[in-house]
Amino acid sequence: MQTYSHLIVTGALQRPLDRLARHRPHLLPPLRTRALLLGSVLPDLPLIALSLVALLRDLFTGIFSRVDFSAIPPGTPPPPELLDASMTMRLFEVWFFQDPWVITAYNAFHSPLLVIIYIAVGYAAWRLDRRWGGWFFWLSCAAMLHTLADIPLHVTDGPLPLFPLNWTWRFHSPLSYWDPQYHGREWSLFEHTLDVALLLLLLARNWRRIRDWRQHVMRRGVAS
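Add 1 to a position in the sequence shown, counting from 1, and you land on the number used in our numbering.
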């Protein structure tokens, strides 16, 4: 899924999760909304940061003005000279699969094995009355939701389910969220339709709060 879709889906789950936590105060820590929303995108942030660095480097070298990337068919390996010239290509075609630092950065919050440890650590800390425990628990729960949604939506480039015990095995799904050869167009249509529906739901839920905020801003403007 796209990173923003993870954020939207998790945002839509905020109210039922808050209700669940309130109904079971001895079992679950109070919901931390900011931690929940941050956790929904956290697994992708390291790769996004690396991608921005690579893109800036490629823009600086002018590779995008010299190469027509659209001419490379999806799923086709880029020519070696392009791999040598483009850091972005090396990041996604080589380092993503072979470089231990990139693998670790991507799977630090994508690996279910690691994330379940984070959840347990946060929960134990909350039980021990550590202030950060509930926050880390909900952040890790959102990261787990993120990776459980991601794993079945990648064919060859998904998270490593057994990392750090296994650094190469990936679940090979018949469905890709981006690759048109594996129903990527159909999934994209479904995903963005869901995004719009959930955004409308969030707007309806928060309409009164938005209206009150607008009235407050207008009153302050008139008063000044």
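Ideal placement from N, C-alpha and C gives every residue a C-beta, glycine not left out.
In whole angstroms, give me the CA-to-CA distance for residue i and residue j.
i: residue 16; j: residue 66; result: 47 Å
i: residue 111; j: residue 102; result: 14 Å
i: residue 113; j: residue 143; result: 12 Å
i: residue 29; j: residue 196; result: 28 Å
i: residue 5; j: residue 163; result: 25 Å
i: residue 98; j: residue 169; result: 8 Å
i: residue 20; j: residue 157; result: 38 Å
i: residue 181; j: residue 175; result: 12 Å
i: residue 78; j: residue 92; result: 13 Å
i: residue 11; j: residue 192; result: 14 Å
i: residue 226; j: residue 25; result: The structure shown has nothing for residue 226, since the chain only spans 2 to 225.
i: residue 151; j: residue 82; result: 31 Å
i: residue 105; j: residue 209; result: 43 Å
i: residue 166; j: residue 183; result: 28 Å
Can you tell me whether residue i sits near the ligand ADP, meaning its C-beta is under 7 Å from at least one heavy atom of the ligand?
i: residue 150; result: In the structure shown, the ligand ADP is absent, as is every other ligand, since no ligand is present at all.
Tell me which residues share the same chain as residue i and place their Cβ nearer than 7 Å to its Cβ, disregarding the 5 neighbours each side in the sequence.
i: residue 9; result: 196, 199 and 200
i: residue 87; result: 59 and 64
i: residue 141; result: 40, 116, 119, 120 and 123
i: residue 202; result: 13
Could you name the residues of the same chain whose beta carbon sits closer than 6 Å to that of residue i, not counting the 5 residues immediately before and after it, in chain order?
i: residue 36; result: 136, 139 and 140
Excluding five sequence neighbours on each side, which residues of the same chain lie with their C-beta closer than 8 Å to the C-beta of residue i?
i: residue 128; result: 134
i: residue 206; result: 16
i: residue 154; result: 2, 174, 176, 177, 178 and 188
i: residue 95; result: 84
i: residue 22; result: 29, 30, 31 and 32
How close, in whole Å, do the beta carbons of residue i and residue j come, if the pair is a contact with beta carbons under 8 Å?
i: residue 171; j: residue 185; result: Actually they do not touch by this definition, with Cβ atoms about 17 Å apart.
i: residue 50; j: residue 89; result: Wrong, their Cβ atoms sit about 13 Å apart, outside the cutoff.
query: So, do the region 146 to 155 and the region 37 to 54 have three or more beta carbon pairs nearer to each other than 8 Å?
result: yes
- prompt: Three or more C-beta pairs closer than 8 Å, one from the region 19 to 33 and one from the region 123 to 135: is that the case here?
  reply: yes
message: So within the region 60 to 141, which uninterrupted alpha helix (DSSP H) runs reach at least 4 residues, ignoring any that extend past its ends?
response: 64 to 67, 81 to 86, 88 to 91, 101 to 108 and 113 to 128
task: Could you pull out every unbroken alpha helix (DSSP H) segment of at least 4 residues lying fully inside the region 4 to 37, listed in chain order?
output: 4 to 24
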